[in-house]
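Sequences listed follow chains A and B, in order. For what it's worth, our numbering labels the leading residue of the first sequence as 26, then goes sequentially. For what it's worth, our numbering labels the leading residue of the second sequence as 26, then goes sequentially. Backbone N, C-alpha and C define an ideal beta-carbon position, used for all residues, glycine too. Written below as structure tokens is the structure these notes are about.
There are 2 protein chains.
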Amino acid sequence: MSDLFSQSLRDVLKVSASSEPTPGGGSIAAITAGFAASMASMVCNLTIGKKKYKDVEEQVTRIRDRALALMNRAEDLVQADMAVFGRFMECYKMPASTDEEKERREHLIQEALKGATETPLDIARAAVSILELVDELAPIGSQMAISDAGVAAFLADAAVRSALLNVDINVPLIKDQSFVAKALEHKNGLLEQAAVLKDRAVATVSRRLQSS
Amino acid sequence: MSDLFSQSLRDVLKVSASSEPTPGGGSIAAITAGFAASMASMVCNLTIGKKKYKDVEEQVTRIRDRALALMNRAEDLVQADMAVFGRFMECYKMPASTDEEKERREHLIQEALKGATETPLDIARAAVSILELVDELAPIGSQMAISDAGVAAFLADAAVRSALLNVDINVPLIKDQSFVAKALEHKNGLLEQAAVLKDRAVATVSRRLQSS
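Structure, rendered in structure tokens:
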């Protein structure tokens with residue numbers, strides 16, 4: 026399971042569907058963000074080189090390059106999510122007979138919980154960055170492929186919301202209340218940003234679909 | 026490109042991001058529905074065999090089996106989406122010098138457009154079926170994995186909306202107005218169903234996350 030992205034799509038789905046602890050919802054959210062970035066990139070690639078869109082070619086090329094960078098980042102985030110989960114599971118196997126062992130185990134569990142909260146926040150932030158790109162692309166990307174800019178918006182938004190459920194499930198177990206407060210503030214900010222960007226991008230796509 | 030699911034996840038993302046016509050947004054919507062089904066199945070697999078959930082084990086096993094069937098169906102739908110797109114592209118390469126050639130070409134384009142509308146409707150319907158499973162699973166699936174039922178709901182909803190954008194982009198080009206009216210009615214029905222099921226499933230997941 027060390028390199029999920031080298032496995033066939035069929036095998037990735039199969040292992041996701043199983044009771045194996047990884048990939049879990051955070052990783053699947055990151056993969057979905059990767060597909061959102063791929064759709065943004067495709068729309069850019071179908072816009073670049075077309076006479077009709079010559080005026081925006083430079084801007085669309087920049088968007089495409091950032092989309093591809095975020096698509097690659099999704100792969101790193103899946104690795105991070107699976108690694109965090111592994112550390113978490115290891116803690117629960119640690120001995121807890123003496124007070125010292127119990128304290129050490131609890132400390133490492135708390136650290137793992139913080140990691141299991143930070144990585145989904147990173148995944149959601151990457152997906153918000155994809156929404157920023159889609160919001161910029163929706164008014165200028167090729168009319169022919171504009172529905173796929175909408176697909177990118179829906180998938181990136183779902184990736185944000187899916188990733189952030191992993192914040193909700195972990196924070197009740199975290200004792201460091203200042204960490205929890207910051208994580209929840211970060212989460213709410215990302216949710217708000219995602220809603221604004223997604224709604225605007227989808228409205229632009231709908232308008233352009235109606236005028237086609 | 027004949028068997029996308031045998032390719033590595035990395036290569037699938039790469040070809041999606043390129044200017045290759047397939048896989049397009051409809052196929053990516055179907056893949057997202059597949060991941061939604063995989064998350065529903067995972068939650069079931071983490072519920073089955075646990076003493077705490079013995080009372081719902083039979084029901085959850087049935088949900089798991091239906092989720093796996095829908096995950097496999099996603100693969101067929103991707104193939105169908107890519108095949109339809111191929112037919113569509115072939116039409117545009119057909120000769121159109123004589124009136125007879127023009128008429129034949131236009132007839133086949135119209136048929137391809139109908140296929141390119143029906144397949145996304147099939148994808149959206151499959152994703153709505155996944156939402157029905159998630160809606161049934163959300164109140165009874167393992168508390169430990171309940172955030173992943175939420176992930177399944179967000180992804181299936183995004184798959185519905187993404188697939189249906191391909192209806193919007195094709196119907197303005199279809200001349201058979203009775204076909205168009207039926208397609209739009211079907212589309213609106215699926216959107217309404219998806220909204221109700223997704224909202225209820227996500228509300229259940231949120232309630233259970235708060236009580237954990």
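Between A58/A and A177/A, the gap from beta carbon to beta carbon reaches 7 Å or more.
The C-beta of T123/A has fewer than 16 other C-beta atoms within 10 Å across all chains shown, which makes the residue exposed. Looking at the DSSP output, S66/B shares a beta bridge with no other residue. Here the alpha carbons of D147/A and V159/A stand approximately 19 Å from one another. The alpha-carbon separation between E126/A and A55/A amounts to approximately 35 Å. Using a C-beta cut-off of 8 Å, the segment 60-69 of chain A makes contact with the segment 38-50 of chain B, since at least three inter-stretch Cβ pairs fall below that distance. Less than 7 Å separates the beta-carbon of T229/B from that of P164/B. With its beta carbon less than 7 Å from one in chain B, S63/A belongs to the interface. Judged by DSSP in its simplified three-state form, S122/A adopts coil rather than helix or strand. The three-state reading of DSSP puts S33/A in strand, counting E and B together. Against Q32/B, the close residues of chain A are S33 and L34, in the order they occur along the chain (beta-carbon pairs closer than 8 Å).
Under the rule that a run must span 4 or more residues, the alpha helix (DSSP H) segments found entirely inside the segment 76-148 of chain A read 82-118. Under the criterion of beta carbons closer than 8 Å, P145/B and L189/B qualify as touching, at roughly 6 Å. Contact between the segment 207-225 of chain A and the segment 193-207 of chain B is absent, with fewer than three C-beta pairs closer than 8 Å. Going by C-alpha positions, K76/A is about 29 Å away from K223/A.
Annotated three-state conformation of A188/A is helix, per DSSP. Per DSSP, reduced to three states, the secondary structure at P197/A is helical. In terms of CA proximity to L234/B, N191/A leads the group A219/A, N191/A, R233/A and A181/A.
CA-CA distance, D28/B to R112/B, rounds to 17 Å.
CA-CA distance, R232/B to M114/B, rounds to 48 Å.
Residue environment: R89/A is assigned as buried (16 or more neighbouring CB atoms within 10 Å of its CB, all protein chains considered). In this structure, A149/A places its C-beta atom within 7 Å of the C-beta atom of V185/A.
By the beta-carbon neighbour count (other beta carbons within 10 angstroms, threshold 16), V221/B is exposed.
Rounded to whole angstroms, the gap between the alpha carbons of P46/A and Y78/A is 46 Å. Under the Cβ distance rule, V176/B counts among the residues neighbouring chain A, one pair being separated by less than 7 Å.
Under the Cβ criterion of 7 Å, S44/A is counted among the residues facing chain B.
S154/B has a beta carbon lying at 7 Å or more from every beta carbon in chain A. Taking a Cβ-Cβ cut-off of 7 Å, the neighbours of T57/A in chain B comprise T57, F60 and L180, given in sequence order. From the listed residues D201/A, A181/A, L215/A and Q218/A, the smallest Cα separation to A99/A is found for A181/A. DSSP places D224/A inside the alpha helix (DSSP H), whose first and last residues are Q202 to Q235. Chain A places no beta carbon closer than 7 Å to that of L162/B, leaving this residue out of the contacts. Rounded to the nearest angstrom, the gap between the Cα atoms of I134/B and V153/B is 29 Å.
In chain A, no part has a C-beta under 9 Å from the C-beta of G166/B; the shortest such distance is about 12 Å. Per DSSP, reduced to three states, the secondary structure at T72/B is coil, with no helix or strand assignment. The DSSP-derived three-state label of S43/B is coil.
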